[in-house]
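Notes follow the structure.
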Amino acid sequence: MKKLKAVFFGTPDFSVPALEMLDKHPQIELIGVVSMPDRPSGRGHKLRSPEVVEYAKTSKIPVYQTENINREPQWLEEFKNQNVDVFIVLAFAQFLSQKVLDIPRLGCFNIHTSLLPKYRGAAPIQYALLNGDQSTGVSIQRMVKKMDAGDIAWSSPVEISRNETGGQLYTKLKFQAALSLNDFINAALNEELSFTEQDESEVSFAPTLKKEDGALKFRDSTYDELHNQIRALDPWPGTFCFLNNKRLKVFSIEEIKHIPLEPGEVSSKNGLYIGCKGSVVRLSQIQLEGKKRGSDKDLLNGLKDKIVITSEIL
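If you read the sequence shown in the working numbering, its first letter stands for residue 40, the second for the next number, and so on.
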């Protein structure tokens, strides 16, 4: 069986298991890896290569680093001259022009961490958790110029547990992406791929999150909504409120039934409690600005002022 010539496009650690799978697949000839340039990192601001580049260099795979692949005509011509069969894209952080999409014989395929057409965009993992979904998945779609809108070539569902965090689901999907890519490659080699057009009436979006999306709005949110927000935005950007105008990071909460508080009303008797929409929550694991992470009771032991909790600085 003839090997498939592939170029891999990716940048962060999330992309590495899929790249490793391609590298070790006996029927894949990996022509190169395209990634972002090295960036300053850490206290010393030393240049650091993306994790994908580190793997590629260790494995002696040709590396192409650029801020914009669409402006590298010599590389694109090189891929064209090598008769590349397929481009595989995972967490690359660049849009590919139609000129790039047209190069490989079989097309460009993007691995997306949702069951498309649900959650097109940059943050599908977080939005699945924010919305309290019980499942998500990995989709492999043939890329078109419109973001995440191509025909689906492969999809794999993944269950979400009740308390699963963004970081935990990230790790789970990182390895599922590699497994799904392996199945996709085998199907392509056996000419068994079939494509499903996305239903545009079912499209939803998962736009890039900002730090301010972590603000907890107790007055307007139910316990479930707050719980989902906290786990979805763990580890980034994290969730917070303000205690006496100091930022208070919130890592976990508990629903309390026996304390009657109005939405936004605070009680600091034997714990830190605040009324939310239809319920009361205890802020069980927290970190006040300038303090160490700990329980609400640990924090209250060092506070003497009357406590005011808000979603923004007063």
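For every residue, glycine included, the Cβ atom is placed at its ideal position computed from N, Cα and C.
Since the structure is predicted, the reported quantities are computational estimates derived from the model, not experimental observations.
(Q) Is the separation between the beta-carbon of K316 and that of T261 shorter than 8 Å? (A) yes
- Task: Output yes or no for whether 8 Å exceeds the beta carbon distance between F47 and L69.
- Result: yes
Q.
For G71, which residues in the same chain have their Cβ closer than 6 Å to its Cβ, ignoring the five residues on either side in sequence?
A. V46, P101 and Y103
- request: Please classify H297: is it buried, with 16 or more other beta-carbons within 10 angstroms of its beta-carbon, or exposed?
  value: exposed
Checklist entry - Quick one: Cα of D187 to Cα of I179, how far? => result 10 Å
Checklist entry - The alpha helix (DSSP H) spanning V139 covers which residue range? => result Q137 to L140
DSSP state of T235, grouped into three classes?
-> strand
* Let me know the secondary structure DSSP gives T349 once reduced to three states. => strand
**Study point:** N309 (DSSP reduced to helix, strand or coil)
**Key:** coil
Contact belief for T360 with V177 at Cβ below 8 Å, rounded distance in angstroms: In this structure the chain extends from 40 to 353, so residue 360 is not present and cannot be described.
Minimum length 4: unbroken alpha helix (DSSP H) runs contained in the stretch 161-243: 163-169 and 205-228
- Near R258, what residues of its chain come up, given a Cβ to Cβ distance below 6 Å and the 5 sequence neighbours on each side ignored? P302 and G303
Open item on the list: Check this for me: beta carbons of A57 and L220, under 8 Å apart or not?
Closed with: yes
| said: Quick check on Q237: buried or exposed, where buried means 16 or more other Cβ atoms within 10 Å of its Cβ? | reply: buried
**OP:** Compare the C-alpha of K285 against each of D344, N107 and P276 and name the closest.
**Re:** D344
Given a threshold of 16 other Cβ atoms within 10 Å of its Cβ, counted over all protein chains shown, does T50 qualify as buried or as exposed?
buried
With a cut-off of 8 Å on the beta carbons, I'd call V139 and T175 a contact; round off their distance for me. No, V139 and T175 are not in contact; Cβ-Cβ is about 28 Å, not under 8 Å.
Bounding residues of the beta strand (DSSP E) (the contiguous stretch that carries A45): L43 to G49
Practice item. Tell me whether F148 is buried or exposed, calling it buried when 16 or more other Cβ atoms sit within 10 Å of its Cβ. Key: buried
Query - Pairwise C-alpha distance: N283 and L339 - result: 13 Å
message: Below 8 Å on the Cβ atoms is my contact criterion, and I expect Q66 with L228 to pass it. Report the Cβ-Cβ distance as a whole number of Å.
response: 5 Å
In chain order, which continuous runs of the beta strand (DSSP E) of length 3 or greater are located wholly inside the stretch 312-348? 312-315 and 318-327
**Asked** Could you give the distance in angstroms between the alpha-carbon of T210 and the alpha-carbon of S54?
**Response** 11 Å
* Asked: Under 8 Å between the Cβ atoms of Q268 and L248?
  -> no
For this session: Could you work out which residue in K308, N309, L327 and L300 is closest to V319 when comparing CA atoms only?
Result: L300
Q) From what residue to what residue does the alpha helix (DSSP H) around L272 run? A) Neither: L272 is in no alpha helix (DSSP H) and is coded neither H nor E.
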